[in-house]
Amino acid sequence: MNNYTDLYASDVEDIDEDLVAVDVGNLQHTAVEEMSITLPDIVANLSLPIDHKRVSRFNILRANVWDGAVRGFKRKTYTENCDMLVRFVDDVGVFEEGIDTGGPRREFFTLLMRHLKDRPIFDGPDGHRFVVYNAKAIREDEYFMAGKMIAVSVVHGGPGPHFLSEDFVQYLAGRPSFKSTVNAITDEEIRKVLREVRIA
């Protein structure tokens, strides 16, 4: 069974066009129906399988949200289809008072998105970041972990990755036009070379 954090590629089959009869009217109607689905509807559908009677526990040290999140997501007992119980811990290991009725979970995801934007897998100016290559992050499976964190945050009522470039998000969504500027490049040498090429 696939869930919202699984990554998969659909199988592609070669179909003999002569053997397939297509009713174009039905296809157009289907396309209109598919376009009427909103993002909130998609997120609501993805959150339906969450079992609110079972929880995955996250003990988070505010000073080190990233490590606590990685530990929590890598736990063998963690499952995306369980609700999340987040408890914050102070520097000496004492749990903060309070019951998680959603506030600590939303705060955790907000802090996690802030930490995620500064990870070495992202680059670019604030609010316009994009994914970059990082060999260490590949070895540590950080790209997959970041994707999982973003998906879980959105489905469990937390924020999305608002730090990403809108062009990058549109590109990921399959929009063919990607219009970025040289100013989005943070490496000064590369930016200088690109400006020289543009002027030439």
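UniProt numbering puts the first residue of the sequence shown at 1, with every later residue one more than the last.
Ideal Cβ placement from N, Cα and C applies to all residues, glycine included.
Being a predicted model, the structure only gives us computed values, none of them experimental.
Q. What three-state label does DSSP hand Arg191 in the structure shown?
A. Within the sequence shown, the letter at position 191 stands for residue 191. Three-state result, Arg191: helix.
Answer with yes or no whether the minimum CB distance from Pro49 to chain D is below 7 Å.
Structure shown: chain D not included; a single protein chain is present.
Thinking just about the alpha-carbon of each residue, which of Phe122, Ile37, Val152, Ile138 is nearest to the one in Phe109? Translated into the one-based positions of the sequence shown, residue 109 becomes position 109. Checking every option, the nearest Cα to that of Phe109 belongs to Val152.
Review point. So what does DSSP say about Leu85, is it helix, strand or coil?
Key: For the purposes of this step, residue 85 is identified with residue 85 of the sequence shown, where counting begins at 1. Strand at Leu85.
Could you give the residue range of the beta strand (DSSP E) that holds Val55? Looking up residue 55 in the sequence shown gives position 55. It spans 51-61 - the beta strand (DSSP E) in which Val55 sits, taken as one unbroken run.
For this session: Starting from Asn130, follow its DSSP beta bridges and name the residues at the other end.
Result: Residue mapping note: residue 130 aligns to position 130 of the sequence shown, counting from 1. Looking at the sequence shown, residue 130 is not Asn but Phe. DSSP output for Phe130 lists Asp123 as bridge partner(s).
For Ala184, report the span of its alpha helix (DSSP H) as first-last. Within the sequence shown, residue 184 is the residue found at index 184, counting from 1. Neither: Ala184 is in no alpha helix (DSSP H) and is coded neither H nor E.
Does the segment 133-146 touch the segment 113-120, meaning 3 or more C-beta pairs lie closer than 8 Å?
yes
Could you check what DSSP says for Leu111 in three-state terms: helix, strand or coil? The count along the sequence shown starts at 1 and reaches residue 111 at position 111. If DSSP states are grouped into helix, strand and coil, Leu111 belongs with the helices.
* To do: Tell me the start and end of each unbroken alpha helix (DSSP H) in the segment 142-167 that is at least 4 residues and wholly inside, in chain order.
  => 142-155
Margin query: Could you tell me the alpha carbon to alpha carbon distance between Arg87 and Ile150, rounded to whole angstroms?
Written below: Sequence index remark: in the sequence shown, residue 87 carries index 87 (1-based). Sequence index remark: in the sequence shown, residue 150 carries index 150 (1-based). One C-alpha to the other measures close to 19 Å.
* Near Val89, what residues of its chain come up, given a Cβ to Cβ distance below 6 Å and the 5 sequence neighbours on each side ignored? -> By 1-based counting over the sequence shown, the position of residue 89 is 89. Asn59, Leu61, Phe95, listed in sequence order.
### Message
Looking at the ligand NAD, does it come within less than 6 Å of Leu39, judged from the CB to the closest heavy atom?
### Response
Here there are no bound small molecules, and the ligand NAD is not part of this structure.
- Query: What residue range is occupied by the uninterrupted alpha helix (DSSP H) comprising Arg71?
  - Reply: Translated into positions along the sequence shown, residue 71 becomes position 71. 65-74 is the extent of the alpha helix (DSSP H) around Arg71.
Smallest Cα separation from Val70: which of Leu164, Ala44, Ala146, Ile185? Locating residue 70 in the sequence shown gives position 70, where the first residue counts as 1. Here the closest residue by C-alpha is Ala146.
Which residue wins for smallest C-alpha separation from Glu188, given the options Tyr171, Asp123, Phe168? Counting from 1 along the sequence shown, the entry for residue 188 is found at position 188. Cα-wise, what sits closest to Glu188 is Asp123.
Closer than 8 Å is the cut-off here; do at least three beta carbon pairs connect the segment 190-200 with the segment 154-162? no
Worksheet item: When the Cα of Lys76 is compared with those of Asn64, Val55, Asp91, Val65, which residue comes out closest?
Response: By 1-based counting over the sequence shown, the position of residue 76 is 76. Considering only alpha carbons, the answer is Val55.
Contacts around Pro49, its chain only, beta-carbon distance under 6 Å, and the 5 residues preceding and following it disregarded = As a first step, residue 49 is located in the sequence shown; it is residue number 49 there, counting from the start. These residues qualify, in order along the chain: Asn81.
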